[in-house]
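In terms of my numbering, the sequence shown opens at residue 11 and continues consecutively.
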Amino acid sequence: MAAEALPGAAARLRRARVAVAALFLTNGALCANLLPRYPEIKADLEMSNTVYGGAVASFSAGALVAGLTAAVLIRRFGSARVAVVGTVVLAGFIVTAGVSSTPVAFAAALFAAGCSDAVTDVAQNVNGLRVQRCYGRSIINSLHAVWAMGAVLGGLTGAAAIAAHLPRALHLGGAAVLCTAVVALAYPHLLGGADHDDHPAATGAGGRPVSAAVYLTLLALVGIAVAGATVEDAGNSWAALYLRDSLGSPGSVAALGFVALMGFLFIGRLVGDRLVDGFGERAVVRAGGALCAAGMGAALAVPTVPGTIAGFAAAGLGVATVVPAAMHAADELPGLRPGTGLTVLTWLMRIGFLGAPLLVGFVADAAGLRVGLLSVPVAGIAVVLLAGVLGRRRPG
């Protein structure tokens, strides 16, 4: 009977991995469908760079407001249910943002979408790390690779919709319906029940006080995650705008800056688990930060459309393993309650998504968007400097 049960359990685990990957896929695709439409939304609503940057930052502001509620909701309802419901709500607000008629309405819809995304993000990572513990080996980079693949598919869909002159309501509404259907089909196969019974910290030293070194390590991990978020936001919020307005490329080509960053983010995460196993998190993340700084720095120094697209590709490849490594390390910090490190890091990481568009928008109005995008190579340098807190080998 035991021999018969094991294959069944393995099949169930494989289905759970596919199901949680579907959550990551739809999460990446939903927002990415909207991003290529940002330049036309900015033009239609007659927003300055500063106003546009503030409106886009509303997404991260909403994520900061709602982020810490994720742990409570997950303990109450379970990560599977929270992730699926959060995806459906996010889809609705993405459509609302795309059809907004005023900058205030646009910002408000992005704020609500950010609230939904923050909770969904934590829930899907909790479920994914739970599946990883069942596997007994690292799969978190591959799950984040699926997220990047979803972002690439969403970005390409957005570019195609622009080229086909599809109305935003039709384009974004169709994407929302499709993603909702995918997560509904995935839900029965997700791991249900308590999420932290098998967590390494669940059997750790209960009453001992947490050392200052743990908090300092968590702070450094937050810095790494914020740097990675800053690079991703450059692709999300500014790549299409920079290529179209500063370098004169047409809208369908301008969307390729975001697609390049996310495409190479996907490639880096697809091979990330093997690289980390072979060279360790510290070495891989540090090398990636250097690649990000050098690639985007060169693209900004010699601005051309092909060179800029290549620069965004290098930035995406460079930060591919940054956020998964920081999340994994934070989730296993000794002395913290299960899930605490991950929740705090994910919440504070949103500072990068909140501050980056505001900072870049302010600098862009004062000195040009090319200067504002120097935030990308600076973030790469920060990753190089902070990577020492990561393990030489893959944690666990």
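Backbone N, C-alpha and C define an ideal beta-carbon position, used for all residues, glycine too.
To the nearest angstrom, how far is it from the Cα of THR240 to the Cα of SER385? 7 Å
Every unbroken alpha helix (DSSP H) inside the segment 47–132 [4 residues or more]: 48–54, 59–77, 79–87, 89–108
Could you check if HIS175 is buried or exposed, using at least 16 other CB atoms within 10 Å of its CB as the buried criterion? exposed
Could you tell me which of VAL92, LEU352, ALA374 sits nearest to LEU231, measuring between CA atoms? LEU352
With DSSP run on the structure shown, which of helix, strand or coil describes GLU342? coil
How close, in whole Å, do the beta carbons of PHE276 and VAL193 come, if the pair is a contact with beta carbons under 8 Å? Actually they are not in contact, since the Cβ atoms of PHE276 and VAL193 sit about 20 Å apart, beyond 8 Å.
Short Cβ contact (8 Å threshold) for LEU285 with LEU301: no
Throw me the rounded Cβ distance for the GLY108 and ARG178 pair, which I believe falls under 8 Å. 4 Å
For ALA215, I'd like the list of residues in its chain whose CB is within less than 6 Å of its CB, leaving aside the five on either flank, ordered along the chain. With a pLDDT of 45 at ALA215, under the threshold of 50, the predicted position of this residue should be treated as unreliable, and no value is reported.
Backbone secondary structure at THR213 - three-state DSSP: In this prediction, THR213 scores a pLDDT of 48, lower than 50, which makes its location untrustworthy; the coordinate-derived value is nonetheless stated afterwards. Correct three-state label for THR213: helix.
Mark PRO198 as exposed unless 16 or more other C-beta atoms lie within 10 angstroms of its C-beta, in which case mark it buried. exposed
Are three or more beta carbon pairs between the segment 375–394 and the segment 286–306 nearer than 8 Å? yes
Using the rule of at least 16 other Cβ atoms within 10 Å of the residue's Cβ for burial, across every protein chain shown, is GLY96 buried or exposed? buried
Endpoints, alpha helix (DSSP H) assigned at TYR225: 222–243
Give, in chain order, every unbroken run of the alpha helix (DSSP H) that is at least 4 residues long and sits entirely within the segment 284–334. 291–311, 315–328
Grouping DSSP H, G and I as helix and E and B as strand, with all else coil, what is HIS175? coil
Inspect the beta-carbon positions of GLY64 and LEU368 and report whether they are closer than 8 Å. yes
Would you give the residue range spanned by the alpha helix (DSSP H) that PRO387 belongs to? 385–396
What three-state label does DSSP hand PRO198 in the structure shown? helix
Can you tell me which of the three DSSP states PRO367 falls into? helix
Return helix, strand or coil for VAL281, following the three-state DSSP convention. coil
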